[in-house]
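Peer 1: Here it is: the structure, laid out below.
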Amino acid sequence: MRGKVAVITGGTSGIGLATASALVRQGARVAVLCRRTSSEGARKLAALKALGEIDLVECDLGRLASVRAAARQVADRHRAVHLLVNNAGVFLRERAESADGLEMTFQVNYLSHFLLSNLLLDRLEAARGARVVNMVAPVDSIRLDFDDLMSKRSYSFLSASARSKLALVLAARRLSERLSGTEAQVLCYYPGLVRSGLFEGTSRVLKTLIDVVGATPAQAAANLLAILADSAPAESPAFFERTKVRPLKGMATDGAAAARLWDMSTRLVGLPC
Numbered sequence: 069m070r071g072k073v074a075v076i077t078g079g080t081s082g083i084g085l086a087t088a089s090a091l092v093r094q095g096a097r098v099a100v101l102c103r104r105t106s107s108e109g110a111r112k113l114a115a116l117k118a119l120g121e122i123d124l125v126e127c128d129l130g131r132l133a134s135v136r137a138a139a140r141q142v143a144d145r146h147r148a149v150h151l152l153v154n155n156a157g158v159f160l161r162e163r164a165e166s167a168d169g170l171e172m173t174f175q176v177n178y179l180s181h182f183l184l185s186n187l188l189l190d191r192l193e194a195a196r197g198a199r200v201v202n203m204v205a206p207v208d209s210i211r212l213d214f215d216d217l218m219s220k221r222s223y224s225f226l227s228a229s230a231r232s233k234l235a236l237v238l239a240a241r242r243l244s245e246r247l248s249g250t251e252a253q254v255l256c257y258y259p260g261l262v263r264s265g266l267f268e269g270t271s272r273v274l275k276t277l278i279d280v281v282g283a284t285p286a287q288a289a290a291n292l293l294a295i296l297a298d299s300a301p302a303e304s305p306a307f308f309e310r311t312k313v314r315p316l317k318g319m320a321t322d323g324a325a326a327a328r329l330w331d332m333s334t335r336l337v338g339l340p341c
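The number in my numbering is simply the position in the sequence shown, starting from 1, with 68 added.
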């Protein structure tokens, strides 16, 4: 990664912070998109500037205008993006809507990353061999309700999060097609259960389970970097659970669903069709 540009969302805590820190130490030029550049995690990253180039970019994934502004800032500073890690995510116990009128979990976890990836598409193409990583979860038994993507009829934080992760997996297929001919790869990465602040405010049972059996963010980041360093990478797109490629099942393999979601997402975020 020496001299290459990496862009990471949610890079001030958990896996994102561990990944950003490791990439800086490897010599990458790292742009971290974070909600608050004054947070404790941002200060930890700023302390790494003595080791390498790191750029903190303010980006609120709950506001599409903020995503657009952050993408412009990255594009203005870098002619190519070699690695994009769509890492940030939320678990919200109660349904909430963003300033854009979209269900917040679906927007933060999926739609804003969909928008960011598309806005940086030319920078990824310019890198020739770029990697895009979508941070996901097991989705074999999950289905999207295209008539209720915003979860207005029913909502639970577990199902909302799972549907947003399935959307990331489906979008990976279409993004890989958009990047064909550039040697780019789109990877979906499930790190397993990881101890991080992401689960604060969820059920006590879930939080206790993760605290007991979960990996550390550093371990999850190390697995991701091992995948990225592989000299014989998997086909694009690919689903990794920890460091192993595994096949997908169910709606995650449905090309028609992927195409439909891509078209709907394009309209929801205001991209040209």
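C-beta atoms are modelled at their ideal positions from N, C-alpha and C, and glycine is treated no differently.
1) Counting C-beta neighbours from all protein chains within 10 Å, is the total for T173 16 or more, i.e. buried, or is it exposed?
2) Any idea if V281 is buried or exposed, counting beta-carbon neighbours within 10 angstroms, 16 or more meaning buried?
3) Determine the burial state of V313: buried for a count of at least 16 other Cβ atoms within 10 Å of its Cβ, exposed for fewer.
4) Indicate whether A74 and A96 have their beta-carbon atoms separated by less than 8 Å.
5) Considering only the alpha carbon of each residue, which of T80, F308, L336 and A324 lies closest to M203?
6) Since C355 sits in a beta bridge, which residues does DSSP pair it with?
7) How big is the Cα-Cα spacing for V153 and S222?
8) In whole angstroms, give me the CA-to-CA distance for L113 and I122.
9) How do the region 281–298 and the region 251–261 stand: do at least 3 beta-carbon pairs fall below 8 Å, yes or no?
10) Taking the C-alpha atoms as reference points, what is the distance between S81 and K220?
11) Give me the Cα-Cα distance between T250 and L192, rounded to the nearest whole angstrom.
12) Under 7 Å Cβ to Cβ from K317, same chain only, skipping five residues before and after it: list those, please.
13) If you follow the alpha helix (DSSP H) that N291 is in, where does it begin and where does it stop?
Peer 2: Working from what's here:
1) For this step, residue 173 is matched to residue 105 along the sequence shown. By the neighbour-count rule (16 or more Cβ atoms within 10 Å), T173 is buried.
2) Translated into the one-based positions of the sequence shown, residue 281 becomes position 213. The residue in question, V281, is exposed, as its Cβ has fewer than 16 Cβ neighbours within 10 Å.
3) Locating residue 313 in the sequence shown gives position 245, where the first residue counts as 1. Exposed.
4) As a working note, residue 74 is residue 6 in the sequence shown. As a working note, residue 96 is residue 28 in the sequence shown. A96 sits close to A74, with the two beta carbons spaced by under 8 Å.
5) What you label residue 203 is simply residue 135 of the sequence shown in a count that begins at 1. When each option's Cα is compared against that of M203, the closest is F308.
6) The requested residue 355 does not occur in the structure, where the chain is confined to residues 69 to 341.
7) In the sequence shown, counting from the first residue as 1, residue 153 sits at position 85. In the sequence shown, counting from the first residue as 1, residue 222 sits at position 154. So the alpha carbons of these two residues sit roughly 30 Å apart.
8) Within the sequence shown, the letter at position 45 stands for residue 113. Within the sequence shown, the letter at position 54 stands for residue 122. About 7 Å.
9) yes
10) Taking the sequence shown and counting its residues from 1, the one referred to as residue 81 is at position 13. Taking the sequence shown and counting its residues from 1, the one referred to as residue 220 is at position 152. Distance between the alpha carbons of S81 and K220: 30 Å.
11) Residue mapping note: residue 250 aligns to position 182 of the sequence shown, counting from 1. Residue mapping note: residue 192 aligns to position 124 of the sequence shown, counting from 1. Approximately 9 Å, taken between the alpha carbons.
12) Here the question's residue 317 lines up with position 249 in the sequence shown. These residues qualify, in order along the chain: D208.
13) As a position in the sequence shown, residue 291 is number 223, starting the count at 1. Per DSSP, N291 belongs to the alpha helix (DSSP H) from P285 to L296.
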